[in-house]
Each structure stands twice: as C-alpha cells, then as structure tokens.
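Residue numbers (the numbering used here), protein chains in the order written: chain A, 1 to 435; chain B, 1001 to 1160. All C-beta atoms, glycine included, are put in the ideal place defined by N, C-alpha and C.
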C-alpha cells in the first residue's frame, strides 16, 4: 500500500478491520480431499452450546432417520419422508403454535430442495438429486398440499429464481463463459398441465465485478421480466411462450444489494436492492403495456428495502434501518405505498420476518425478524394496523443467522408453506402452516 | 499431503484472506467458508497454478466469487442480525459498526474498496480485476468511501 493510502482514513479503517478479523482467525489444518473443515474458534459458552446442540441434533437426526427407515412413509421419487408429530423441539416440529396447524416434511440424504412456489392449488419445489452441484440432476417436485406427497419431474438444467404464471413455471439457468464476464442466462419453462419442461431461450449478459450474474426473474401482466445487474442495469421483457426478447429496458437505476428484488406490483415491475442494498431504496416501476416507461419512485425513508410484496393493489415494503453507530438498534417497519409510490401508511417499529407471502389478501412473513436467531417465527400482518403477530414459532434446522433459512415461502391451497434450510448442511424441512 | 510451498502459502495467507473476505461478506463464517473452498480448488489445480506470480490474488478472486455465488444461490439471510447477536460476545469495539456500515453499501463498492484500500491496488488494476472502466471504479470508490464515512462518522482526509 502506498504512503498516501496508508494515511487515508478509509484505508486505515479497513486495514485495521481486516487485521482485527485476521488476528482472531485460527488457521485450521488443510487436508486435501476432505473438503472444507468446519471451524470456529470462538471460545466461551457459544462454542459449547453449539457442540452440545450439534451432538443433540446428530442424535435426534440419526434417531429420526432410523424411525423413518423403520416406520415412516416416504416418497420413492425424492427420498423424503413425513416427520410431523415427532418430539417437541426436534427440527421439523413446531415448538409453539397459536391458532394454526403446522406439519413438516423433512428431506435428507442426497435430496436438496432449493425454492418453492405455489400455482394452481399445488406447491412446486426445485431440488437437486445428488450431493455434487456440478453433476447432480435437478427436478421440479409437484407437492400435494394436503398430503405433502412429492412427485419429481426432471429438468434439463438446474435453475433458480422460480416464478409461476400463464399455466407454467419459469426459472433461470446460468452458464459462465470461461475467460470473460459473459454469462448465459437460460429461461426454462415447465408446463403445469403437460408436466413437461422446455428450454425457452438464452440471453447473454455481461456481468461486471464478480463474474456471477446478479439477476432476478418475475412474471407479470403476461410477460416475463428478467433483471440483470450488469454494468448498465437492464430489464428484459420476454415472451413466456417463445422466450424472445420483446423489449429491452435500459436506464434502470443500479439497485445494488446482494439479492435484487423484482416484484410484479401495481403499475408494473418494482425493483429494489434487497438485503445489503444501498440505504436509499431505489424502487422503480415500469409500465408493462408500453414497456418503456420507467419511473424512479422516491423512497419513503432512508432504510434498506428487505422485501417487496404486492397486496391488494398496493405494494408493501419491509424496511430496515440501522442508525449511525448503533448496531443494536436495527429498526424494522412495514411501509405501504400505492402504484405511484405515494405513501399510504406504515407500521409501528416492530419485528417481522424476512420473507413475505400474500395468502387470500393477507400478508404472512417468516424468518427471525428482529427476534434474534434462536427460533423462527411465522408472523401474520394485520391489514389495517400493519401490526405483526407471531402465530407459530419453529425450531430451525440450523442457526438461521449463519445458514440460509426461511427465504423461500409460498401460499397455495389455503396454506402457507415455508422451506427452511435450503442450501445448508442440515436436512431441509418444508413446513405447511394452516390458519 | 500438500507440498511445502502450498502449506507455506496456506499458513501465510489464510487468516489475511479471511479478514479481507470479511470486508465483502461482513460475516466471518462465510468468509472462512469461501477461503477454505478457494484453497481446496487451488490444491486440486496446484500443478498448473503453482507457478503463478501472485497465487494469493488468484485465491482472493476465487474466494470472492464463491462468496458472492453462495450468497445468491442459497439466499442468505440479512446478516445484520448476526452482528446483533455477536455484539458483546467477542466482537472488538467498533468491528460490528464497520460490518454494519459495510452491509449498507453495494457489494461492488465493497469489492473495489477492498482491492484499492486494503490490498493496495491502483485504480487501473482494480478496474482490470473487476472488468470495469476506471471511471466506474472511481465512482464506486467515491460512493463507497462516502457511505462508510457517513455511517461511521469518519472524516475525509484532505486531498491534494
């Protein structure tokens, strides 16, 4: 580092931060072929609690698997089995439920669920059948909401960002082009009537920075909308039948963040940065009828937009704010705006979940919200007061603050579905919550 | 077992890379996962990569890609709550504040800040590494610095 930068406050700040973190790291022994060793050198009670929790979890999981093998019903298509009604406190079992019934379907072995979406009274789930992401085949699982029984249909490629519309499901596939910043984004469709998948089209995107495409897919007003976080952010309007690009919307403000949000809402397609995004929520609406009207809507606060949920012709935004220098003072609100982005109402400061879903005109959310990491609440949001009520608390399969959890929710068949633990090392669990 | 050279590289750069990756992930666990995975990939290709002038730069780049890829694919929760929980346990004073401040700026800006202000690459090399124009990188650095300073109340150094 040159002398100028050494005296620059940002350089000093970040260098000290890196040094501080590095000083606390204990380098684990490297063992080739064993993959990544799990490590955590944090002493104190947290470490002991985790070891104890791990041991208890291992015993419980082994016991559950043994019971499952001996007695439990299973699906030959997925290797999953129903584990509802187990020991309280065991993963997959609600630890507390008020006025709702909760049932769980636990997946183990080489079956790895990824995302869920509801369509036509059925729950659909993308999943990988195998441990190696680079070789294992993927499938769409049709899950009967009443019996929680899955049936698998093969996909030509593993995909993500699944959406439903037009009697079909759509998802993105990705293929990086070696030696360049170009990524092929494929759109694959799956007909929910013929139960066959079709590769629709391929869209080349140039991705700056990480060589990983930052994209999101939405279905609205009869079209597919593909957002690409490229050097110049872009939205493609795509025909859901032919896969052809009908219109390319440029001039889209960079929305940043680690997980771009794209939601079909009043007046068009709404975009926001999502968790980790810039503090000012850059919410944008485009007009699907003309396709070229992009209107930047002012943020109602300076908080980051955690999620977007269209409810009853209005857009509900989950917003989080961290005041300067007060890392313990995360505040969360739900803010409702109309199709023009004008403020309608906001909730009191309160906790709410990380992932929303509207069921029969009512909003539900799942995830820890401001409640910490030990348990995972399911929240019901009062449509009038916007106050949230915890209607069930589930024990997560693993620490929800360290692993992906409760980020995929769906509503169908009069129930709320929550997929927990997708992508983590512990078995994933699908919860059905019936009001 | 790993060769002496690989072992030396691992021992010398593991902790430093975890620290650097934490600037981007703002989560030490995620940073360690990514760095360990990057070393695993390096080991598998050690025969062809051992001659690199700067293997640590290769590792950093791969680890960043792994971390961002994982972020997207598994959709991590907003890690703000992790800091809430960890604060007071073992976070050094101010670290949680910096992590929170970093989370509030886009990943590309964090990446640029890391490469320029921590690794010490000049803007032209940062631009090359990120595949962006120099003007774009300058803009990311400016905005990133501004956001960090605003969040943390750090005063900008006089520039001449």
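Residue i vs residue j beta-carbon contact at 9 Å
i               : j               : result
residue 190(A)  : residue 168(A)  : yes
residue 410(A)  : residue 116(A)  : yes
residue 1148(B) : residue 1137(B) : no
residue 141(A)  : residue 160(A)  : no
residue 158(A)  : residue 126(A)  : yes
residue 441(A)  : residue 172(A)  : Outside the shown range of chain A, which is 1 to 435, sits residue 441(A), and nothing can be said about it.
residue 357(A)  : residue 377(A)  : no
residue 1102(B) : residue 1123(B) : no
residue 413(A)  : residue 146(A)  : yes
residue 408(A)  : residue 419(A)  : yes
Simplified DSSP state of residue i, which is helix, strand or coil
i               : result
residue 408(A)  : strand
residue 1152(B) : helix
residue 1137(B) : helix
residue 1146(B) : helix
residue 319(A)  : strand
residue 30(A)   : coil
residue 395(A)  : coil
residue 228(A)  : strand
residue 1012(B) : helix
residue 184(A)  : strand
residue 344(A)  : strand
residue 107(A)  : coil
residue 380(A)  : strand
residue 69(A)   : Its pLDDT being 39, under 50, residue 69(A) is placed unreliably in this model, and the value from its coordinates should be taken loosely. In this structure, residue 69(A) counts as helix in the three-state DSSP scheme.
residue 252(A)  : coil
residue 38(A)   : With a pLDDT of only 34 at residue 38(A), under the threshold of 50, the placement of this residue in the model should not be trusted; the figure read from the coordinates follows. Reduced to three states, the DSSP call for residue 38(A) is coil.
residue 212(A)  : Unreliable placement is indicated for residue 212(A), whose pLDDT of 39 sits below 50; the coordinate value is still reported in the next sentence. Residue 212(A): coil per DSSP, three-state reduction.
residue 1022(B) : helix
residue 333(A)  : strand
residue 352(A)  : coil
residue 276(A)  : Legend: pLDDT at residue 276(A) = 49, less than 50; position of this residue unreliable, value from coordinates given subsequently. Three-state DSSP puts residue 276(A) in coil, outside helix and strand.
residue 175(A)  : strand
residue 161(A)  : strand
residue 314(A)  : strand
residue 1049(B) : helix
residue 1055(B) : helix
residue 1061(B) : helix
Among the options, nearest to residue i - alpha-carbon criterion
i               : options                            : result
residue 335(A)  : 163(A), 317(A), 25(A)              : 317(A)
residue 221(A)  : 127(A), 365(A), 270(A), 187(A)     : 270(A)
residue 319(A)  : 99(A), 148(A), 346(A)              : 346(A)
residue 118(A)  : 162(A), 9(A), 420(A)               : 162(A)
residue 28(A)   : 1010(B), 1024(B), 1025(B), 1020(B) : 1010(B)
residue 1015(B) : 1100(B), 1144(B), 1060(B), 1097(B) : 1060(B)
residue 1171(B) : 195(A), 14(A), 113(A), 20(A)       : Any question about residue 1171(B) goes unanswered here, given that chain B covers just 1001 to 1160.
residue 188(A)  : 143(A), 147(A), 170(A)             : 170(A)
residue 428(A)  : 416(A), 395(A), 434(A), 435(A)     : 395(A)
residue 219(A)  : 431(A), 197(A), 262(A)             : 262(A)
residue 1057(B) : 1028(B), 1128(B), 1094(B), 1096(B) : 1128(B)
Cutoff 6 Å; reference residue i; Cβ partners in own chain excluding five residues on either side
i               : result
residue 361(A)  : 312
residue 110(A)  : 130, 131
residue 265(A)  : 310, 315
residue 381(A)  : 363, 388
residue 1075(B) : Because residue 1075(B) carries a pLDDT of 37, less than 50, the predicted location of this residue cannot be relied on, and the following value inherits that uncertainty. For residue 1075(B), where only same-chain residues beyond five positions count, there are no Cβ hits under 6 Å.
residue 202(A)  : 184, 186
residue 1025(B) : 1031, 1067
Delimiting residues of the alpha helix (DSSP H) encompassing residue i
i               : result
residue 1111(B) : 1107–1113
residue 21(A)   : 9–24
residue 1126(B) : 1123–1130
residue 195(A)  : Segment: none, residue 195(A) is in no alpha helix (DSSP H) and carries neither H nor E.
residue 1103(B) : 1095–1103
Sequence-distant residues of the same chain with beta carbon closer than 8 Å to residue i, five excluded per side
i              : result
residue 246(A) : 223, 237, 238, 239, 291
residue 386(A) : 334, 336, 345, 346, 347, 348
Residue i, enclosing beta strand (DSSP E) - first and last residue
i               : result
residue 1041(B) : Element bounds for residue 1041(B): not the beta strand (DSSP E) but the alpha helix (DSSP H), 1028–1044.
residue 419(A)  : 415–420
residue 306(A)  : 304–311
residue 437(A)  : For chain A, the structure presents residues 1 to 435; residue 437(A) sits outside this window and is missing.
residue 129(A)  : 122–129
residue 141(A)  : 138–143
residue 387(A)  : Where residue 387(A) is concerned, there is no enclosing beta strand (DSSP E), given that its DSSP letter is neither H nor E.
residue 430(A)  : 429–434
residue 265(A)  : 261–265
residue 241(A)  : Careful: residue 241(A) lies outside any beta strand (DSSP E) and carries neither H nor E.
Any non-hydrogen atom of the ligand FMN closer than 8 Å to residue i Cβ
i             : result
residue 13(A) : The ligand FMN is not among the ligands present in this structure, which contains no ligands whatsoever.
Contacts around residue i, its chain only, beta-carbon distance under 7 Å, and the 5 residues preceding and following it disregarded
i               : result
residue 1006(B) : 1043, 1046
residue 1066(B) : 1034, 1037, 1038
residue 1126(B) : 1112, 1115, 1116, 1137
residue 1104(B) : 1147, 1151
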